[in-house]
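Numbering (our numbering), first residue to last: 6 to 86.
All C-beta atoms in this analysis are idealised placements derived from N, C-alpha and C, irrespective of residue type, glycine included.
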């Protein structure tokens, strides 16, 4: 939608597109080859949630590959220039 009159919504930033949503692997392609079927199902149900403050949480989902692993792990992220 071309809003040349200037009254439209502010375009979404990459950060707003990434953050505050749950992300999970639905397809994994390496060098043009789909290798999703090689990823264990216990990893495919994991999800990651990025926050605008530069932190993220990775959740093991309903099925852990190793029952002794923590349900969640945390870390930091940043955009590379």
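### Task
Note down the Cα distance separating residue 59 from residue 37, rounded to an integer number of angstroms.
31 Å
#### Entry: Residue range of the unbroken beta strand (DSSP E) whose run includes residue 64
60-64
### Query
Would a check of beta-carbon distances place residue 32 closer than 8 Å to chain B?
Although the question refers to chain B, the structure presented lacks it and comprises just one protein chain.
### Task
Please state if the CB of residue 82 and the CB of residue 61 are separated by a distance shorter than 8 Å.
yes
### Task
Report yes or no: do the segment 42-50 and the segment 74-81 share at least 3 C-beta pairs separated by less than 8 Å?
no
### Task
Kindly list the residues whose CB is nearer than 7 Å to the CB of residue 18, restricted to its own chain and excluding five residues on each side of it in sequence; keep chain order.
none
### Task
Look at the Cβ atom of residue 32, then the Cβ atom of residue 41, and state whether they are nearer than 8 Å.
yes
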